[in-house]
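Residue numbers (this note's numbering): 31 to 286.
Beta carbons are placed, not taken as given, at the ideal position from N, Cα and C, and that holds for glycine.
Take a look at the structure set out below.
So this is what it looks like as C-alpha coordinates:
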(Lines of atoms letter the chains of each structure in order from A and count residues from 1; the text may use other names and numbers.)
(Lines give C-alpha, C1' and ligand atoms only; values in the text may rest on other atoms or scores of the structure.)
Protein backbone atom coordinates (compact mmCIF):
# COMPACT_ATOMS: atom_id res chain seq x y z
CA UNK A 1 0.00 0.00 0.00
CA UNK A 2 1.28 3.46 -0.89
CA UNK A 3 0.00 6.77 0.46
CA UNK A 4 0.75 10.12 -1.10
CA UNK A 5 -0.43 13.71 -0.38
CA UNK A 6 -3.71 14.79 -1.96
CA UNK A 7 -4.88 18.39 -2.21
CA UNK A 8 -8.01 18.14 -0.05
CA UNK A 9 -8.83 19.29 3.47
CA UNK A 10 -11.47 17.95 5.87
CA UNK A 11 -12.80 20.53 8.29
CA UNK A 12 -15.70 21.68 10.45
CA UNK A 13 -17.15 24.95 9.25
CA UNK A 14 -18.74 27.25 11.81
CA UNK A 15 -21.52 29.70 11.08
CA UNK A 16 -19.91 32.89 12.36
CA UNK A 17 -23.17 34.85 12.05
CA UNK A 18 -25.00 32.97 14.83
CA UNK A 19 -24.34 31.99 18.46
CA UNK A 20 -22.31 30.33 19.74
CA UNK A 21 -19.86 30.68 16.84
CA UNK A 22 -20.18 34.42 16.43
CA UNK A 23 -17.66 34.47 19.31
CA UNK A 24 -14.09 33.83 18.15
CA UNK A 25 -13.16 32.60 21.63
CA UNK A 26 -15.59 29.70 21.29
CA UNK A 27 -14.33 28.84 17.82
CA UNK A 28 -10.72 28.91 18.98
CA UNK A 29 -11.44 26.86 22.09
CA UNK A 30 -12.93 24.01 20.06
CA UNK A 31 -10.08 24.15 17.56
CA UNK A 32 -7.54 23.90 20.37
CA UNK A 33 -9.34 21.09 22.17
CA UNK A 34 -9.84 18.77 19.19
CA UNK A 35 -7.32 15.93 19.33
CA UNK A 36 -6.35 15.69 15.66
CA UNK A 37 -3.77 12.98 16.28
CA UNK A 38 -6.46 10.67 17.60
CA UNK A 39 -8.71 11.59 14.69
CA UNK A 40 -6.13 10.72 12.03
CA UNK A 41 -4.54 7.72 13.76
CA UNK A 42 -7.48 6.01 15.43
CA UNK A 43 -10.60 7.21 13.61
CA UNK A 44 -9.65 7.79 9.97
CA UNK A 45 -6.45 5.75 9.93
CA UNK A 46 -5.31 5.74 6.30
CA UNK A 47 -2.26 7.96 6.68
CA UNK A 48 -4.02 11.33 6.67
CA UNK A 49 -2.11 14.16 8.33
CA UNK A 50 -3.40 16.42 11.10
CA UNK A 51 -4.34 19.84 9.72
CA UNK A 52 -3.30 23.00 11.54
CA UNK A 53 -3.90 25.22 8.53
CA UNK A 54 -6.47 25.20 5.75
CA UNK A 55 -4.15 24.84 2.74
CA UNK A 56 -2.38 21.47 2.51
CA UNK A 57 1.42 21.90 2.80
CA UNK A 58 1.91 19.90 -0.42
CA UNK A 59 0.30 22.74 -2.39
CA UNK A 60 2.64 24.38 -4.89
CA UNK A 61 3.69 27.88 -3.87
CA UNK A 62 2.71 27.39 -0.24
CA UNK A 63 4.87 28.53 2.65
CA UNK A 64 3.35 26.71 5.64
CA UNK A 65 2.02 28.69 8.57
CA UNK A 66 2.68 26.78 11.77
CA UNK A 67 0.64 28.29 14.61
CA UNK A 68 2.29 28.49 18.00
CA UNK A 69 -0.31 26.20 19.58
CA UNK A 70 0.59 23.36 17.20
CA UNK A 71 3.68 22.71 19.34
CA UNK A 72 1.79 22.88 22.65
CA UNK A 73 1.10 19.78 24.67
CA UNK A 74 -2.42 18.38 24.83
CA UNK A 75 -2.70 19.67 28.39
CA UNK A 76 -1.68 23.21 27.36
CA UNK A 77 -4.23 23.29 24.58
CA UNK A 78 -7.05 22.08 26.81
CA UNK A 79 -6.16 24.57 29.55
CA UNK A 80 -6.25 27.46 27.08
CA UNK A 81 -9.51 26.18 25.57
CA UNK A 82 -11.17 26.07 29.00
CA UNK A 83 -9.91 29.57 29.74
CA UNK A 84 -11.39 30.90 26.49
CA UNK A 85 -14.74 29.21 27.11
CA UNK A 86 -14.83 30.63 30.64
CA UNK A 87 -14.20 34.10 29.23
CA UNK A 88 -17.06 33.53 26.79
CA UNK A 89 -19.37 32.63 29.70
CA UNK A 90 -19.45 28.83 29.52
CA UNK A 91 -18.99 26.48 32.46
CA UNK A 92 -20.41 23.36 34.12
CA UNK A 93 -23.35 25.53 35.15
CA UNK A 94 -23.77 26.87 31.61
CA UNK A 95 -22.52 24.23 29.18
CA UNK A 96 -21.73 24.91 25.53
CA UNK A 97 -24.29 23.18 23.33
CA UNK A 98 -24.45 23.17 19.54
CA UNK A 99 -25.47 21.13 16.52
CA UNK A 100 -22.96 19.43 14.24
CA UNK A 101 -24.41 18.76 10.81
CA UNK A 102 -23.00 16.17 8.43
CA UNK A 103 -24.22 14.65 5.19
CA UNK A 104 -25.36 11.04 5.43
CA UNK A 105 -22.27 8.85 5.19
CA UNK A 106 -20.84 6.29 7.61
CA UNK A 107 -17.37 7.82 7.57
CA UNK A 108 -18.69 11.32 8.29
CA UNK A 109 -20.83 9.88 11.07
CA UNK A 110 -17.82 8.11 12.56
CA UNK A 111 -15.77 11.31 12.43
CA UNK A 112 -18.56 13.38 13.98
CA UNK A 113 -19.12 10.90 16.81
CA UNK A 114 -15.39 10.89 17.52
CA UNK A 115 -15.07 14.68 17.44
CA UNK A 116 -18.03 15.10 19.80
CA UNK A 117 -16.56 12.53 22.20
CA UNK A 118 -13.11 14.14 22.11
CA UNK A 119 -14.55 17.57 22.90
CA UNK A 120 -16.59 16.10 25.72
CA UNK A 121 -13.59 14.26 27.11
CA UNK A 122 -11.31 17.31 26.92
CA UNK A 123 -13.69 20.04 28.08
CA UNK A 124 -16.49 18.32 29.96
CA UNK A 125 -19.19 20.96 29.55
CA UNK A 126 -19.61 20.62 25.77
CA UNK A 127 -22.73 18.95 24.40
CA UNK A 128 -22.83 18.20 20.68
CA UNK A 129 -26.06 17.25 18.95
CA UNK A 130 -25.24 15.24 15.82
CA UNK A 131 -27.55 15.73 12.84
CA UNK A 132 -27.30 14.05 9.46
CA UNK A 133 -29.04 15.05 6.26
CA UNK A 134 -29.00 13.72 2.72
CA UNK A 135 -26.63 15.58 0.42
CA UNK A 136 -29.07 17.99 -1.25
CA UNK A 137 -30.79 18.89 2.02
CA UNK A 138 -27.44 19.31 3.76
CA UNK A 139 -26.26 21.74 1.05
CA UNK A 140 -29.50 23.70 1.21
CA UNK A 141 -29.27 23.96 5.01
CA UNK A 142 -25.80 25.48 4.69
CA UNK A 143 -26.84 27.81 1.86
CA UNK A 144 -29.70 29.12 4.00
CA UNK A 145 -27.41 29.66 6.98
CA UNK A 146 -29.40 27.28 9.16
CA UNK A 147 -26.35 25.35 10.40
CA UNK A 148 -24.30 26.03 13.50
CA UNK A 149 -21.38 23.74 12.66
CA UNK A 150 -21.16 21.54 9.60
CA UNK A 151 -18.82 18.92 8.22
CA UNK A 152 -17.08 20.19 5.12
CA UNK A 153 -14.25 19.39 2.74
CA UNK A 154 -12.53 21.14 -0.11
CA UNK A 155 -10.33 19.80 -2.90
CA UNK A 156 -8.20 21.96 -5.15
CA UNK A 157 -9.22 22.70 -8.71
CA UNK A 158 -5.61 23.65 -9.46
CA UNK A 159 -2.31 23.34 -7.61
CA UNK A 160 -1.97 26.77 -5.98
CA UNK A 161 -2.96 28.13 -2.54
CA UNK A 162 -5.66 30.42 -3.92
CA UNK A 163 -7.64 27.32 -4.91
CA UNK A 164 -8.22 26.85 -1.17
CA UNK A 165 -8.04 30.34 0.28
CA UNK A 166 -10.40 31.97 -2.21
CA UNK A 167 -13.40 30.10 -0.82
CA UNK A 168 -13.02 32.00 2.46
CA UNK A 169 -13.13 35.41 0.83
CA UNK A 170 -16.06 37.59 1.79
CA UNK A 171 -19.07 36.69 -0.32
CA UNK A 172 -17.58 33.61 -1.98
CA UNK A 173 -20.27 31.06 -2.84
CA UNK A 174 -18.31 28.31 -1.05
CA UNK A 175 -18.04 30.37 2.14
CA UNK A 176 -21.08 28.83 3.86
CA UNK A 177 -19.93 29.94 7.31
CA UNK A 178 -20.10 33.59 6.11
CA UNK A 179 -16.64 34.42 7.38
CA UNK A 180 -15.71 37.99 6.44
CA UNK A 181 -12.37 39.71 6.99
CA UNK A 182 -11.09 42.79 5.18
CA UNK A 183 -7.57 41.92 6.32
CA UNK A 184 -7.81 38.45 4.75
CA UNK A 185 -9.45 39.76 1.56
CA UNK A 186 -6.76 42.43 1.12
CA UNK A 187 -3.97 39.90 1.46
CA UNK A 188 -5.48 37.73 -1.25
CA UNK A 189 -5.99 40.77 -3.46
CA UNK A 190 -2.30 41.61 -3.04
CA UNK A 191 -1.28 38.16 -4.30
CA UNK A 192 -2.67 39.09 -7.73
CA UNK A 193 -0.11 41.84 -8.31
CA UNK A 194 1.83 40.75 -11.40
CA UNK A 195 5.15 42.14 -10.22
CA UNK A 196 5.29 39.84 -7.18
CA UNK A 197 7.97 37.17 -6.97
CA UNK A 198 6.95 33.62 -6.13
CA UNK A 199 8.52 34.06 -2.68
CA UNK A 200 6.61 37.28 -1.98
CA UNK A 201 3.34 35.69 -3.07
CA UNK A 202 3.97 32.67 -0.85
CA UNK A 203 4.62 35.02 2.08
CA UNK A 204 1.24 36.69 1.51
CA UNK A 205 -0.50 33.32 1.47
CA UNK A 206 1.26 32.49 4.74
CA UNK A 207 -0.02 35.75 6.24
CA UNK A 208 -3.52 34.90 5.05
CA UNK A 209 -3.31 31.55 6.84
CA UNK A 210 -2.17 33.39 9.98
CA UNK A 211 -5.30 35.57 9.80
CA UNK A 212 -7.44 32.43 9.55
CA UNK A 213 -5.65 31.02 12.57
CA UNK A 214 -6.40 34.21 14.50
CA UNK A 215 -10.09 34.33 13.49
CA UNK A 216 -10.62 30.53 13.33
CA UNK A 217 -13.69 30.37 11.06
CA UNK A 218 -13.05 26.66 10.51
CA UNK A 219 -11.67 23.80 12.55
CA UNK A 220 -9.23 22.12 10.20
CA UNK A 221 -9.13 18.40 10.98
CA UNK A 222 -6.93 16.62 8.44
CA UNK A 223 -5.39 16.76 5.00
CA UNK A 224 -6.23 13.89 2.70
CA UNK A 225 -3.95 11.30 1.19
CA UNK A 226 -4.33 9.00 -1.79
CA UNK A 227 -3.97 5.37 -0.75
CA UNK A 228 -3.57 2.61 -3.30
CA UNK A 229 -2.37 -0.96 -3.45
CA UNK A 230 0.60 -1.04 -5.82
CA UNK A 231 2.43 -4.17 -6.87
CA UNK A 232 6.06 -4.07 -5.64
CA UNK A 233 7.37 -4.57 -9.16
CA UNK A 234 5.67 -1.38 -10.46
CA UNK A 235 8.41 1.25 -10.50
CA UNK A 236 7.96 5.00 -10.79
CA UNK A 237 4.54 5.12 -9.13
CA UNK A 238 5.72 7.96 -6.89
CA UNK A 239 6.14 10.14 -9.96
CA UNK A 240 2.76 11.83 -9.52
CA UNK A 241 1.62 15.20 -8.24
CA UNK A 242 -0.78 15.90 -5.33
CA UNK A 243 -3.59 16.64 -7.79
CA UNK A 244 -3.50 12.86 -8.41
CA UNK A 245 -2.21 13.25 -11.96
CA UNK A 246 -0.10 10.29 -13.00
CA UNK A 247 2.86 10.47 -15.34
CA UNK A 248 2.57 7.06 -16.93
CA UNK A 249 5.71 7.69 -18.98
CA UNK A 250 7.67 7.34 -15.73
CA UNK A 251 6.21 3.94 -14.88
CA UNK A 252 7.85 0.65 -15.65
CA UNK A 253 7.45 -2.97 -14.67
CA UNK A 254 10.52 -4.56 -13.12
CA UNK A 255 11.41 -8.13 -13.80
CA UNK A 256 9.67 -10.38 -11.31
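Chain-order list of residues whose beta-carbon lies under 7 Å from that of residue 140 (same chain, five-residue window excluded): Here residue 140 refers to the residue found at position 110 of the chain shown. Within the same chain, and ignoring the five residues on either side of residue 140 in sequence, the residues whose Cβ sits closer than 7 Å to its Cβ are 73.
Review point. Which first and last residues belong to the beta strand (DSSP E) in which residue 241 is found?
Key: Here residue 241 refers to the residue found at position 211 when the chain shown is read from its first residue. Premise fails: residue 241 lies in the alpha helix (DSSP H), 228-245, not in any beta strand (DSSP E).
Cβ neighbour criterion (16 or more within 10 Å) applied to residue 263 = The sequence position of residue 263 within the chain shown is 233, counting from 1. It counts as exposed.
Report task. Could you tell me if residue 281 is buried or exposed, where buried requires 16 or more neighbouring beta carbons within 10 angstroms of its beta carbon? Result -> On the chain shown, residue 281 is found 251 positions in, with the first residue counted as 1. It counts as exposed.
- Looking at the structure shown, is residue 286 part of a helix, part of a strand, or coil, going by DSSP? Translated into positions along the chain shown, residue 286 becomes position 256. Coil, per DSSP.
* Where the beta strand (DSSP E) through residue 211 begins and ends -> In the chain shown, residue 211 corresponds to position 181, counting from 1. From DSSP, residue 211 is part of no beta strand (DSSP E); its letter is neither H nor E.
| request: Write down the C-beta distance between residue 194 and residue 186 rounded to the nearest angstrom, noting that I regard them as a contact closer than 8 Å. | output: Mapped onto the chain shown, residue 194 falls at position 164. Mapped onto the chain shown, residue 186 falls at position 156. Contact between residue 194 and residue 186 is confirmed by a C-beta separation of about 6 Å, below the 8 Å threshold.
### CB contact below 8 Å: residue 53 versus chain C
Chain labels in this structure do not include chain C; a single protein chain is all it has.
Thinking just about the alpha-carbon of each residue, which of 126, 255, 245 and 147 is nearest to the one in residue 37? Counting from one through the chain shown, the residue named residue 37 turns up at place 7. Out of 126, 255, 245 and 147, 255 has the C-alpha closest to the C-alpha of residue 37.
Exercise. Using 10 angstroms around the beta-carbon of residue 134, count the other beta-carbons present and answer buried if the total reaches 16, otherwise exposed.
Key: Stepping through the chain shown from its first residue, residue 134 is reached at position 104. It is exposed - the Cβ of residue 134 has fewer than 16 other Cβ atoms within 10 Å.
Inter-residue CB distance, residue 126 and residue 156 (contact presumed, cutoff 8 Å): Looking up residue 126 in the chain shown gives position 96. Looking up residue 156 in the chain shown gives position 126. Going by Cβ atoms, the distance from residue 126 to residue 156 rounds to 5 Å, so yes, they are a contact pair.
- Query: Ends of the beta strand (DSSP E) at residue 161?
  - Reply: Position 131 of the chain shown, counted from the start, is the residue given in the question as residue 161. Segment 156-163, the beta strand (DSSP E) holding residue 161.
- Query: To the nearest whole angstrom, what separates the beta carbons of residue 243 and residue 209, a pair I think is in contact under 8 Å?
  - Reply: As a first step, residue 243 must be located in the chain shown, where it is residue number 213. As a first step, residue 209 must be located in the chain shown, where it is residue number 179. So it is not a contact: roughly 13 Å between Cβ atoms.
**Item:** Test item: CB-CB of residue 41 and residue 250 under 8 Å
**Value:** Residue 41 sits at position 11 when you count from the first residue of the chain shown. Residue 250 sits at position 220 when you count from the first residue of the chain shown. Yes.
Could you tell me the boundaries of the alpha helix (DSSP H) in which residue 58 lies? Your numbering for residue 58 matches position 28 in the chain shown. Its alpha helix (DSSP H) spans residues 54-63.
Would you mind listing the beta strand (DSSP E) stretches within the segment 177-202 that are 3+ residues and don't spill past its ends, in chain order? 179-185
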